[in-house]
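Numbering (this note's numbering), first residue to last: 747 to 986. Cβ coordinates follow ideal geometry from the N, Cα and C atoms, glycine included.
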């Protein structure tokens with residue numbers, strides 16, 4: 747009977763360990779660099795303040811405050827930097843290095859600005875596995891780095907000049923090729939080009955040049971160490 751209790755205890759311990767390992771494996775990425783305040787609303791509805799090295803999971807809604815920047819590094823090797831006054835939802839994330847056919851990475855840019863560098867998802871298997879959803883268009887990856895601004899409602903404080911641009915969604919490609927598409931059409935966005943979509947019912951277009959987005963404003967560069975004011979390690983805080 748004593749041996750049975752030991753066996754039962756070991757079984758319970760193994761189950762808990764496996765559950766903990768599964769939860770850890772489910773993490774989509776981590777906060778690599780942080781300047782200012784980044785909060786997250788998880789799938790349980792709780793809101794927390796994140797720090798550098800905090801985990802980010804599928805279903806999370808991430809929000810940066812005024813004058814705040816946050817770089818998230820994902821497990822497929824991709825990165826995303828959120829600009830100030832930005833809200834981003836990790837709608838779906840699936841990456842297994844041994845199962846490229848299962849790749850799926852969907853981000854919902856609810857407002858604000860996002861600089862992205864793509865990883866393995868969208869490159870090694872289904873090229874449509876990586877997407878950025880906005881209110882006016884979906885941005886698909888055919889390349890490796892670019893900037894997207896969701897200004898359909900308000901872009902105040904995202905950059906120093908973003909409040910001056912016409913409302914809608916903007917994207918520029920730095921390397922490779924992206925596609926912007928909605929219900930009315932699609933355009934390919936090559937290196938150095940800027941695209942714009944007013945809404946879902948208006949075809950996206952290539953702009954003649956930079957509409958004045960001030961996208962150079964960034965305190966650190968993706969994949970490189972943080973600049974002045976980058977956050978350090980620390981514990982997450984619960985917002986009550």
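By the criterion of a C-beta distance shorter than 6 Å, residue 850 is surrounded in its chain by 838, 840, 875, once the five residues flanking it on both sides are discounted. Taking C-beta atoms as the reference points, residue 891 and residue 963 fail to come closer than 8 Å.
Distances from the CA of residue 797 to each of 896, 782, 787 were compared; the closest alpha carbon is that of 782.
In terms of Cβ geometry, residue 855 and residue 896 form a close pair [threshold 8 Å]. Counting along the chain, the unbroken beta strand (DSSP E) around residue 877 starts and ends at 876-879. Residue 824 sits close to residue 865, with the two beta carbons spaced by under 8 Å.
Contact check for residue 832 and residue 860: beta-carbon distance about 7 Å, within the 8 Å limit, so the pair qualifies. The three-state reading of DSSP puts residue 848 in helix, counting H, G and I together. For residue 924, same chain residues with a beta-carbon under 7 Å away, outside a window of 5 residues either side, are 885, 886, 887, 888, 889, 892, 917, 935 in chain order. Counting along the chain, no beta strand (DSSP E) covers residue 937, and no H or E run does either.
Annotated three-state conformation of residue 917 is strand, per DSSP. Taking the C-beta atoms as reference points, residue 778 is found nearer than 8 Å to residue 817. Residue 933 holds the alpha-carbon nearest to the alpha-carbon of residue 950 among 863, 848, 933. Listed as beta-bridge partners of residue 777 by DSSP are 818.
Here residue 780 is buried. Its C-beta has 16 or more other C-beta atoms within 10 Å. In the structure shown, residue 891 adopts extended strand secondary structure according to DSSP, grouped into three states. Contact between residue 958 and residue 904 is ruled out by a C-beta separation of about 13 Å, above the 8 Å threshold. One thing to note: residue 914 has its Cβ no nearer than 8 Å to the Cβ of residue 956. In the three-state scheme derived from DSSP, where H, G and I count as helix and E and B as strand, residue 927 is classed as strand. Leaving aside the five residues that flank residue 947 on each side, the residues in its chain whose CB is nearer than 7 Å to its CB run, in chain order, 929, 930. Going by beta carbons, residue 952 and residue 943 fall outside the 8 Å limit.
Under the DSSP assignment, residue 872 falls outside any beta strand (DSSP E); it carries neither an H nor an E label.
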